[in-house]
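Enquirer:
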Amino acid sequence: MKAPCVRVERERGEATRRELAESDLIPDDLEIEVEDGWLYVPVSDADAVPDGFEVVERDVPTRQTPDTPADILGFDPSYERLGDIVLIDEDDSARARKIADAIVASELPVKTVLNRASKVKGQTRVRDWDVLVGEQTETVHREYGCVFSLDVARVYFSPRLATERHRVAEQVAADERAFDMFAGVGPFVIPFAKRGAQVVGTDVNDVAIDYLRENARRNGVEDRITAISGDVRETTSEYENWADRLVMNLPHSAGEFLDTAVALAGDDCVVHYYDIQHEDDPFGPGENAIRAVAEPEYDVSVETRREVRSYAPHELNVCLDVRLTR
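Residue numbering for the sequence shown follows full-length UniProt numbering, beginning at 1 and increasing consecutively.
1. Taking its Cβ as the centre, do 16 or more other Cβ atoms sit within 10 Å of P50, making it buried, or is it exposed?
2. Evaluate contact between the stretch 214-221 and the stretch 236-251, counting only Cβ atoms and requiring at least three cross-stretch pairs below 8 Å.
3. Do D180 and V189 have their beta-carbon atoms positioned less than 9 Å apart in this structure?
4. Exposed or buried, what is V34 when buried is set at 16 or more other beta-carbons lying within 10 Å of its beta-carbon?
5. For P42, name the three-state secondary structure that DSSP assigns.
6. Determine whether the beta carbon atoms of E31 and V60 lie at a separation below 9 Å.
7. How many Å lie between V155 and R177 at the Cα?
8. Do T68 and M1 have their beta-carbon atoms positioned less than 9 Å apart in this structure?
9. Please report the Cβ distance between L114 and V131, rounded to the nearest whole angstrom; I am assuming they are in contact, meaning their Cβ atoms lie under 8 Å.
10. At a cut of 8 Å, does the stretch 311-325 reach the stretch 269-286 through at least three beta carbon pairs?
11. Could you name the residues of the same chain whose beta carbon sits closer than 7 Å to that of V204, not counting the 5 residues immediately before and after it, in chain order?
12. Where does the unbroken alpha helix (DSSP H) through G286 begin, and where does it stop?
13. Which residues does DSSP list as the beta-bridge partners of I276?
14. Given P159, which residues of its chain have a CB within under 6 Å of its CB, disregarding the five upstream and five downstream residues?
15. With respect to the beta strand (DSSP E) encompassing G201, which residues constitute its N-terminal and C-terminal limits?
16. Compare the C-alpha of D259 against each of D28, T202 and A289 and name the closest.
17. Using DSSP with H/G/I as helix, E/B as strand and the rest coil, what is T68?
18. Residues in the same chain with beta-carbon distance under 7 Å from S310, minus the five sequence neighbours each way, listed in chain order, please.
19. Quick check on DSSP: helix, strand or coil for I99?
20. Any idea which residues DSSP pairs R81 with across the strands?
21. Can you list, in chain order, the residues of its chain with a C-beta nearer than 7 Å to that of T235? Leave out the 5 residues immediately preceding and following it.
22. Taking the alpha carbon of V300 as the point to measure from, which residue in P313, P251 and G286 has its own alpha carbon closest?
23. Can you tell me which of M248, V41 and G52 puts its alpha carbon nearest to the alpha carbon of D29?
24. Mapping DSSP to helix, strand and coil, what is Y311?
25. State the start and end residues of the unbroken alpha helix (DSSP H) segment that holds I190.
26. Since M248 and A261 should fall inside the 8 Å C-beta cutoff, what is the C-beta to C-beta distance between them, to a whole number of angstroms?
27. If you follow the alpha helix (DSSP H) that V155 is part of, which residue opens it and which one closes it?
28. The beta strand (DSSP E) with N249 in it runs from where to where?
29. Would A169 be called buried (16 or more neighbouring beta carbons within 10 Å of its own) or exposed?
30. According to the Cβ coordinates, are V8 and E57 closer than 9 Å?
Here's what the structure looks like:
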């Protein structure tokens with residue numbers, strides 16, 4: 001079948017394959033080919049291939065796919081992968097056990113299967129888990145060329161937001177000063193710094209901040225990151241009028257921090273404001289809240305209104321990209 005492929009000299013093949021795999025760009029069902037000294041690595045999204053690689057269209061053979069959980073179960077179960085941990089969300093314990101057994105029996109590289117036992121709760125946004133297979137809740141997760149160490153039982157991390165994080169990161173310029181007000185283990189902070197920005201990340205979860213510092217070292221960007229443990233409203237007065245870009249990914253409560261966001265914003269600042277609202281008016285409440293706090297000191301311009309994902313029946317997780325100009 002026809003597919004976009006990265007074309008690279010055979011000598012650079014393994015390094016290229018590894019970089020594309022870390023960005024989760026290599027499909028499982030297509031073969032990598034070698035021809036006349038060139039390696040052709042199929043990719044799932046040509047637009048997401050990092051700069052510097054040559055992309056060509058090519059007929060490539062399909063690969064004999066390994067057994068998947070769906071093959072074993074006869075239906076397609078819902079699950080998420082974080083490194084070598086698989087996360088499921090099943091109320092029926094018997095069904096959860098059946099899915100976990102199928103995941104282990106499949107070809108997925110998995111050491112632990114966890115079932116959600118509670119909603120996200122508390123200031124630290126962690127949840128309880130039932131361990132169905134294995135023991136560990138700590139893993140190393142790769143996303144768009146970045147590496148994140150984390151413990152799902154002690155920090156908040158959603159792999160579902162990878163595409164959204166990548167969308168925002170691609171807007172970051174090397175000379176920017178960026179601030180993530182609810183940084184967690186660094187899924188915005190790390191890619192921002194890898195693009196050359198100076199980044200500050202804060203979080204009330206001191207475990208998450210420890211992982212953020214570790215992840216800065218893992219990704220070689222510790223010199224461009226400042227990690228601060230504590231409530232952003234109480235710990236960041238020295239960064240007033242500092243930020244060119246702000247991330248406010250605390251959808252249920254971000255509005256409570258808008259005074260602080262405006263204080264942190266520089267003369268020209270883009271705010272990525274995440275919200276959860278009813279589908280009848282998903283963007284209006286957030287935009288009105290931002291205008292109420294930022295005007296008249298700033299001109300407020302909404303540059304993007306984006307539905308990130310469905311959150312609950314009739315509720316949407318959305319993002320407003322808003323430019324504040326003093």
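Note that the Cβ used here is the ideal one computed from N, Cα and C, for glycine as well.
Note that the structure is predicted; figures quoted are calculated from it, not measured.
Expert: According to the structure data:
1. Taking the sequence shown and counting its residues from 1, the one referred to as residue 50 is at position 50. Exposed: under 16 other Cβ atoms inside 10 Å.
2. Too few Cβ pairs lie closer than 8 Å, so no.
3. Locating residue 189 in the sequence shown gives position 189, counting from the first residue. Locating residue 180 in the sequence shown gives position 180, counting from the first residue. Yes.
4. On the sequence shown, residue 34 is found 34 positions in, with the first residue counted as 1. In the assembly as shown, V34 is an exposed residue. Its beta-carbon has fewer than 16 other beta-carbons within 10 Å.
5. As a first step, residue 42 is located in the sequence shown; it is residue number 42 there, counting from the start. In the structure shown, P42 adopts extended strand secondary structure according to DSSP, grouped into three states.
6. Along the sequence shown, read from residue 1 onward, the residue named residue 31 stands at position 31. Along the sequence shown, read from residue 1 onward, the residue named residue 60 stands at position 60. Against a cut-off of 9 Å, the Cβ pair of V60 and E31 comes out as a contact.
7. Counting from 1 along the sequence shown, the entry for residue 155 is found at position 155. Counting from 1 along the sequence shown, the entry for residue 177 is found at position 177. Whole-angstrom Cα-Cα distance: 25 Å.
8. Counted from its first residue, the sequence shown places residue 1 at position 1. Counted from its first residue, the sequence shown places residue 68 at position 68. It is not a contact, given that the beta carbons lie outside the stated cut-off.
9. Counting from 1 along the sequence shown, the entry for residue 114 is found at position 114. Counting from 1 along the sequence shown, the entry for residue 131 is found at position 131. V131 and L114 do touch by the CB rule: their CB atoms are close to 6 Å apart, below 8 Å.
10. Segments in contact, yes.
11. Along the sequence shown, one-based indexing puts residue 204 at 204. The beta carbon of V204 lies closer than 7 Å to those of Q123, T124, G230 and D231 in the same chain, with the five residues before and after it left out.
12. The count along the sequence shown starts at 1 and reaches residue 286 at position 286. G286 -> alpha helix (DSSP H) spans G284 to A294.
13. Reading the sequence shown from its first residue, position 276 is the one you call residue 276. Paired residues: N317.
14. Working through the sequence shown from its first residue, we reach residue 159 at position 159. Once the five neighbours on either side are set aside, the close Cβ partners of P159 are E80 and L82.
15. Numbered from its first residue, the sequence shown carries residue 201 at position 201. Annotation: the continuous beta strand (DSSP E) that includes G201 extends over Q198 to D203.
16. Position 259 of the sequence shown, counted from the start, is the residue given in the question as residue 259. Closest option to D259, Cα to Cα, is A289.
17. Taking the first residue of the sequence shown as 1, we reach residue 68 at position 68. Coil, per DSSP.
18. By one-based count along the sequence shown, residue 310 stands at place 310. Setting aside the 5 residues that flank it on each side, S310 is surrounded in the same chain by L316, each with a C-beta closer than 7 Å to its C-beta; the list follows chain order.
19. The sequence position of residue 99 within the sequence shown is 99, counting from 1. Secondary structure of I99 (DSSP, three-state): helix.
20. The sequence position of residue 81 within the sequence shown is 81, counting from 1. V86, per the DSSP bridge assignment.
21. The residue labelled residue 235 in the question sits at position 235 within the sequence shown. These residues qualify, in order along the chain: T202 and I228.
22. Counted from its first residue, the sequence shown places residue 300 at position 300. In this structure, G286 is the residue among P313, P251 and G286 with its C-alpha nearest to the C-alpha of V300.
23. As a working note, residue 29 is residue 29 in the sequence shown. Ranked by how close their Cα comes to the Cα of D29, the residues M248, V41 and G52 have V41 in first place.
24. The residue given as residue 311 occupies position 311 in the sequence shown. Of the three classes helix, strand and coil, the one that applies to Y311 here is strand, per DSSP.
25. For the purposes of this step, residue 190 is taken as the residue at position 190 of the sequence shown. From DSSP, the alpha helix (DSSP H) with I190 extends over V189 to K194.
26. The residue given as residue 248 occupies position 248 in the sequence shown. The residue given as residue 261 occupies position 261 in the sequence shown. 6 Å between Cβ atoms; contact.
27. Along the sequence shown, one-based indexing puts residue 155 at 155. First-last for V155: undefined, no H or E at that position.
28. On the sequence shown, residue 249 is found 249 positions in, with the first residue counted as 1. First-last for N249: undefined, no H or E at that position.
29. Residue numbering aside, residue 169 sits at position 169 when the sequence shown is read from its first letter. Classification of A169: buried, given that the 10 Å Cβ count is 16 or more.
30. One-based indexing of the sequence shown puts residue 8 at position 8. One-based indexing of the sequence shown puts residue 57 at position 57. No, Cβ-Cβ distance for V8 and E57 is not below 9 Å.
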